[in-house]
Structures are given as C-alpha cells and as structure tokens.
Amino acid sequence: MFKKINIKILYATIALTFSVNLLIDGVIMRGIREGDSCRVFAERILKEYPLNKKNVYVVNNLRIYRNLYGLNFHDFDKETPAKGYFLIGENEMEKVLSTYGDKYTFRTLTKSDQTFSELKQKIVLSEFELK
C-alpha cells in the first residue's frame with residue numbers, strides 16, 4: 005500500500021517540476037529573451053537601408069573583437085570588399101578604425117537603442133568604402 009502511494013507522490017512531483025519548468029521557460033523567460041534580442045534592431049536596419057546577404061560584413065576575429073554570432077554575415081577580414089555595410093559593437097569601433105582606417109572610409113549610419121546582453125554593448129551599422 006505504501007509503495008503505491010510513494011509512486012503516486014513521485015509521479016506527481018515529476019509532473020509538477022516539469023510544469024513549473026515549462027511555465028518559467030515559456031512565459032517568464034520569453035519576455036526576458038525577447039526584450040534583449042537584437043531582432044528589433046535587425047528589422048529596423050533592414051527597412052531603412054538597402055542591406056542584403058552580399059553587402060553586409062562583420063569581423064570574426066574573436067581574439068580582438070566580440071563576435072556578433074546572432075548576425076551571420078560575410079567575414080570582413082577574408083573578403084576585403086570595395087564597399088558595403090559593416091556591423092560591429094560600439095566599443096569595438098575604435099579598434100576597427102585603427103586597424104582598417106588607412107584602407108577604408110567608415111561612416112556611421114545608426115546604432116541600436118539598447119545594449120544587448122550577448123555583446124554588453126550597442127551595435128553600430130556603418131557604411132564603408134575602399135579609399
């Protein structure tokens with residue numbers, strides 16, 4: 005008799021734990037994730053600027069720059085393009101200017117309104133051209 009009651013309590017505990025995890029992940033954490041997502045910024049710059057898969061670049065050198073891993077675009081270091089658009093963290097822009105400023109002219113177009121937790125900084129969209 006006690007074994008049946010213990011098994012029912014075990015099943016109830018597992019079901020309750022599973023339900024609480026679903027509630028936390030699906031309802032509570034969803035608001036936190038969406039509030040800190042760069043999706044709103046990405047949608048805004050897609051509407052305002054002529055961006056496509058062929059003209060947007062990021063720097064993927066993880067030793068020097070923070071990676072915009074949520075935004076997958078062409079690697080600026082490998083392709084050395086003549087012109088296009090460039091996405092980088094606000095704090096990393098000075099490093100980019102000191103490294104590539106002699107080859108390229110950068111013009112800041114816009115930056116995100118909020119600081120993103122994955123970068124711990126705002127994202128900057130710049131336009132660049134080969135000098």
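First residue of the sequence shown? That's 5 in this note's numbering, and the numbers climb one at a time after it. In this text, a Cβ means the ideal position worked out from N, Cα and C, and glycines have one as well. From a predicted model like this one, the values you see are computed outputs, not experimental measurements.
query: Environment of M33 [buried if 16+ CB atoms lie within 10 Å]; result: exposed
query: Neighbourhood of E96 by C-beta, 7 Å cutoff - its chain only, sequence neighbours within 5 removed; result: Y69 and R70
query: S130 - DSSP class collapsed to helix/strand/coil; result: strand
query: Rounded C-alpha distance that separates N10 from I18; result: 12 Å
query: Bridge partner(s) assigned by DSSP for T119; result: None, per the DSSP bridge assignment.
query: 3-residue-minimum beta strand (DSSP E) runs that sit fully inside the segment 9 to 87, ordered along the chain; result: 60 to 62
query: Assigned exposure category for I92 - 16 Cβ within 10 Å defines buried; result: buried
query: Straight-line Cα distance separating L113 from E52; result: 10 Å
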